[in-house]
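What follows is a set of notes on a single structure, which appears directly below.
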Amino acid sequence: MTTDGPTDSLGVTPGQTAGPFLHIGLPYDDAPYVVPEGTPGAIRVHGTVVDGAGTPVSDALVEIWQADPDGRFEHPDDPRGAIPARVQGFRGFGRCPTDEAGHYAFVTVKPGRVPAENGWQAPHLDVAVFARGLLHHLVTRAYFPDEADDNAHDPVLAALPPDRRETLVAVPDADGVRFDIRLQGDHETVFFLV
1 MTTDGPTDSL GVTPGQTAGP FLHIGLPYDD APYVVPEGTP GAIRVHGTVV DGAGTPVSDA
61 LVEIWQADPD GRFEHPDDPR GAIPARVQGF RGFGRCPTDE AGHYAFVTVK PGRVPAENGW
121 QAPHLDVAVF ARGLLHHLVT RAYFPDEADD NAHDPVLAAL PPDRRETLVA VPDADGVRFD
181 IRLQGDHETV FFLV
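Counting in the working numbering, the sequence shown runs from 1 upward without gaps.
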């Protein structure tokens, strides 16, 4: 076979996105449970993932990582040393696919403050979003609404324009705290380059 140039070749394989196969291999049965159901002090963190038009994203995957209630990580990178959480069954990580309405939900415990370079970071969840159409996952944070003083002094929140901070603070509701994630457009959730 001879070729006269790119038009006669098979061409370049197109870039791949993070989906739509997230629902096949990544979820597992107890993934949304950072702590077992019935854990004292457990809370429900839930929300909806929507696109720029406000349409629910029914095939996204949301992950969270967090410190324990004492603000500690059972990990060698914790500068204070890795120690097991005092909460039975706490694993510090959760994964939840969105349903047909774009909803996700986790059962967890509220994390404590963690050290920052010159002070403390407010209690928060680190959040990653995977979805079709994304070449890379998106990373953000979810802060808690009942931590106004700590939130006001958090170095990450303080680095954002005041009108953008609200996209990172969950709101209380009858089911726990709600953290909606808007992938683009008006009131887009703040995402971080990591």
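Glycine residues also receive a C-beta, built at the ideal position from the N, C-alpha and C atoms.
How far does the beta strand (DSSP E) with His103 in it reach, from first residue to last?
103 to 108
Just reading off the alpha helix (DSSP H) that His137 is part of, what are its end residues?
Element bounds for His137: n/a, residue is neither H nor E.
Spatial distance of Thr2 from His137 (CA atoms):
At Thr2 the pLDDT is 48, less than 50, meaning the model places this residue with poor confidence and gives no usable figure here.
Figure out for me which residue from Arg178, His187, Phe144 has the closest Cα to the Cα of Asp163.
His187
Between the CA atoms of Leu183 and Arg86 - distance to the nearest angstrom:
35 angstroms
Would you say Gln121 and Val127 are within 8 angstroms of each other, going by their C-beta atoms?
no
Please check the pair Ala170 and Val45, which I expect to be a contact at CB under 8 angstroms, by giving their CB distance rounded to whole angstroms.
7 angstroms
Continuous alpha helix (DSSP H) stretch holding Pro155: start and end:
155 to 158
Other residues of its chain near Phe191: CB distance less than 7 angstroms, five sequence neighbours each side excluded:
Leu138, Val139, Thr140
State yes or no: is the C-beta of Gly185 within less than 8 angstroms of the C-beta of Gly52?
yes
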